[in-house]
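Step one of this worksheet: look at the structure below.
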Amino acid sequence: MTALITDKLFRHADVNIQVAVASCLNEITRITAPTFPYSDNQMEEIFELFMVALKELSSEPGSNYVRAHQILETLASVRSCLIMLDIEIDAMIVKMFQLFLNTIRSSHSCNIFKYMETIMTTIIEESDEVSLELLKTLLDSVQMENKNITPISWELGKTVFEKCAIKLEPYLREAVKHLDLKVGDYAETIASICDVTSNGQNMVRSSLYIYSVSICQSLMS
Numbered sequence: 602m603t604a605l606i607t608d609k610l611f612r613h614a615d616v617n618i619q620v621a622v623a624s625c626l627n628e629i630t631r632i633t634a635p636t637f638p639y640s641d642n643q644m645e646e647i648f649e650l651f652m653v654a655l656k657e658l659s660s661e662p663g664s665n666y667v668r669a670h671q672i673l674e675t676l677a678s679v680r681s682c683l684i685m686l687d688i689e690i691d692a693m694i695v696k697m698f699q700l701f702l703n704t705i706r707s708s709h710s711c712n713i714f715k716y717m718e719t720i721m722t723t724i725i726e727e728s729d730e731v732s733l734e735l736l737k738t739l740l741d742s743v744q745m746e747n748k749n750i751t752p753i754s755w756e757l758g759k760t761v762f763e764k765c766a767i768k769l770e771p772y773l774r775e776a777v778k779h780l781d782l783k784v785g786d787y788a789e790t791i792a793s794i795c796d797v798t799s800n801g802q803n804m805v806r807s808s809l810y811i812y813s814v815s816i817c818q819s820l821m822s
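Per my numbering, the very first residue in the sequence shown carries number 602; after that it's consecutive.
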């Protein structure tokens with residue numbers, strides 16, 4: 602396994618070699634998941650190589666495309682994407698989200714959309730906190746002006762917001778407040794998420810009030 606961990610291979614001038622090495626390392630992480638087969642620093646370099654490979658999803662179908670598809674599937678299915686949280690490579694997570702949102706196309710299979718969605722939602726739900734950079738990346742994708750320009754990317758971002766609404770709500774509220782965002786400039790999901798908690802809290806307060814009144818009335822009767 603250590604024979605693949607060399608600067609010569611990781612930084613090879615031929616992208617085909619880099620993608621082939623990434624494919625081999627992906628298979629190793631699939632087999633050894635959920636444990637780390639390498640050190641944290643080595644895993645960071647491996648994920649950098651995965652990013653190189655995943656860019657090939659925007660290329661014409663071929664060997665590199667197939668390998669990139671397999672890497673994407675592994676990151677989603679065996680949740681090896683969570684290693685990125687464990688070794689705290691937050692900047693690369695943002696980079697990966699940007700890559701997904703910039704790469705997804707209508708010509709891609711439904712599986713690719715689903716794998717990207719799974720990876721993104723898994724990382725968000727398992728994160729201790731969501732960075733502003735990550736939130737801004739998602740918000741950029743669901744601007745209303747992008748609905749017709751990049752509809753698949755817009756749909757991917759919107760789906761992630763919908764699936765992670767509870768997790769993202771407090772961060773979204775802070776962003777709207779401090780960045781002076783106009784929720785009307787984004788997918789309707791954003792406005793809905795911002796309203797969920799306040800409406801939910803009002804409903805709880807109303808229920809508690811009615812319950813308290815009924816108790817008082819029963820005690821007085």
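C-beta: ideal position from N, C-alpha, C; glycine also.
Minimum C-alpha distance to residue i - residue among the options
i    : options                   : result
L650 : K759, E756, H709 and A669 : A669
G785 : S664, L610, V761 and L740 : L740
F762 : E661, E775 and I791       : I791
I725 : E746, M697, S710 and I705 : M697
S742 : T760, V731 and S728       : T760
A623 : L686, H779, N642 and F648 : F648
H709 : S728, V731, P752 and T723 : P752
E730 : K768, V653 and T722       : K768
Q744 : N627, P771, C795 and L782 : L782
V653 : H613, K737, D641 and P638 : H613
C795 : H779, L626, L780 and E770 : E770
T723 : A766, R774 and L626       : A766
S707 : V620, N627, D615 and I750 : I750
S640 : A692, C625, I684 and Y772 : I684
L676 : S793, N627 and G663       : N627
T738 : C625, S660 and A692       : A692
Presumed contact (8 Å Cβ cut-off) between residue i and residue j, rounded CB distance
i    : j    : result
K764 : W755 : Contact flag wrong, Cβ pair sits at about 15 Å.
Y716 : E674 : 6 Å
I629 : L655 : About 17 Å; that fails the 8 Å criterion.
A788 : L733 : With 8 Å as the limit, A788 and L733 do not qualify as a contact, their Cβ atoms being about 19 Å apart.
N617 : N665 : 6 Å
Q643 : I606 : 6 Å
E646 : F611 : 6 Å
S728 : L757 : Their Cβ separation, rounded to whole angstroms, is 18 Å, which puts S728 and L757 out of contact at 8 Å.
L735 : I688 : 16 Å between Cβ atoms; not a contact.
Residues that DSSP places opposite residue i in a beta bridge
i    : result
Q643 : Beta-bridge pairing links Q643 to no other residue.
Q744 : Y787
Within-9 Å CB hit, residue i to chain B
i    : result
T723 : This model lacks chain B altogether, as it is built from one protein chain only.
(Q) Count Cβ pairs between the stretch 628–643 and the stretch 669–682 that sit closer than 8 Å; are there 3 or more? (A) yes
Q | Contiguous alpha helix (DSSP H) assignments of at least 4 residues, all confined to the stretch 757–799 | A | 766–779
Q) How do the stretch 692–704 and the stretch 716–726 stand: do at least 3 beta-carbon pairs fall below 8 Å, yes or no? A) yes
Q: List in chain order: all unbroken alpha helix (DSSP H) runs of 4+ residues lying wholly within the stretch 680–720.
A: 684–687 and 691–704
**Q.** Runs of alpha helix (DSSP H) lying entirely within the stretch 624–680, each at least 4 residues, in chain order
**A.** 641–655 and 664–678
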